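A.B. asks: Quick one: this structure, given as structure tokens, is what I'll be asking you about.
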Amino acid sequence: MGDTQGTVIAGGNGKEIRFDQLCEPWYVFLNRGHSFYGSDWGNHRVMKREEGAKQGIVVAGGQGKGNNCRYLFSPEEVVVDQLGTVYVSGSWNDRIMC
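First residue of the sequence shown? That's 338 in the numbering used here, and the numbers climb one at a time after it.
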């Protein structure tokens, strides 16, 4: 049946906008250096958390929802390439940003 217990690695502290909280996380990406990236759909941002860190940092968005290049609007998938470039698909503004 697998493990009966899990470990919370991000969020779990309510769905607000603090750096230790997530609001409707959608997608997770783990790079080779064990940094975790997650799309925080409800907060219109992408968060990064280093292995062992207590809270994350915003790497894209985080200014509220919007359509210009500084904003994300309900980000879904997030991928990070070998050079560290973050690619994010935005569901409500129909685009992929890097």
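All residues carry an ideal CB built from backbone N, CA and C; glycine is no exception. None of the values given here were measured: they were computed from a predicted structure.
Please list the segments of the beta strand (DSSP E) lying wholly inside the segment 365-415, counting only runs of 3 or more residues, in order along the chain.
C.D. replies: Fully enclosed beta strand (DSSP E) runs of 3 or longer: 373-377, 382-386 and 394-398.
A.B. asks: What does DSSP give as the partner residues of serine 426 in its beta bridges?
C.D. replies: What you label residue 426 is simply residue 89 of the sequence shown in a count that begins at 1. According to DSSP, which records beta bridges pairwise, serine 426 is partnered with Ile433.
A.B. asks: Buried or exposed for leucine 409, going by 16 or more other Cβ atoms inside 10 Å?
C.D. replies: For this step, residue 409 is matched to residue 72 along the sequence shown. Answer is buried; the Cβ neighbour count reaches 16.
A.B. asks: Could you give the distance in angstroms between the alpha-carbon of glycine 343 and the alpha-carbon of valine 365?
C.D. replies: In the sequence shown, residue 343 corresponds to position 6, counting from 1. In the sequence shown, residue 365 corresponds to position 28, counting from 1. Their Cα atoms are separated by approximately 16 Å.
A.B. asks: Between the alpha carbons of threonine 341 and asparagine 405, how many angstroms are there, rounded?
C.D. replies: In the sequence shown, residue 341 corresponds to position 4, counting from 1. In the sequence shown, residue 405 corresponds to position 68, counting from 1. Spanning the two alpha carbons is a distance of roughly 44 Å.
A.B. asks: List the whole-angstrom C-beta distance separating glutamate 388 from serine 372, where the pair is believed to meet the contact cut-off of C-beta under 8 Å.
C.D. replies: Residue numbering aside, residue 388 sits at position 51 when the sequence shown is read from its first letter. Residue numbering aside, residue 372 sits at position 35 when the sequence shown is read from its first letter. Between serine 372 and glutamate 388 the Cβ distance is about 7 Å, and since that is below 8 Å, they are a contact.
A.B. asks: Hey, how far is the Cα of valine 417 from the Cα of tryptophan 429?
C.D. replies: Within the sequence shown, residue 417 is the residue found at index 80, counting from 1. Within the sequence shown, residue 429 is the residue found at index 92, counting from 1. Valine 417 and tryptophan 429: Cα-Cα distance of roughly 21 Å.
A.B. asks: Measure the CB-CB distance between histidine 381 and lysine 402 and report whether it falls below 8 Å.
C.D. replies: Taking the first residue of the sequence shown as position 1, residue 381 is located at position 44. Taking the first residue of the sequence shown as position 1, residue 402 is located at position 65. Yes. Within cutoff.
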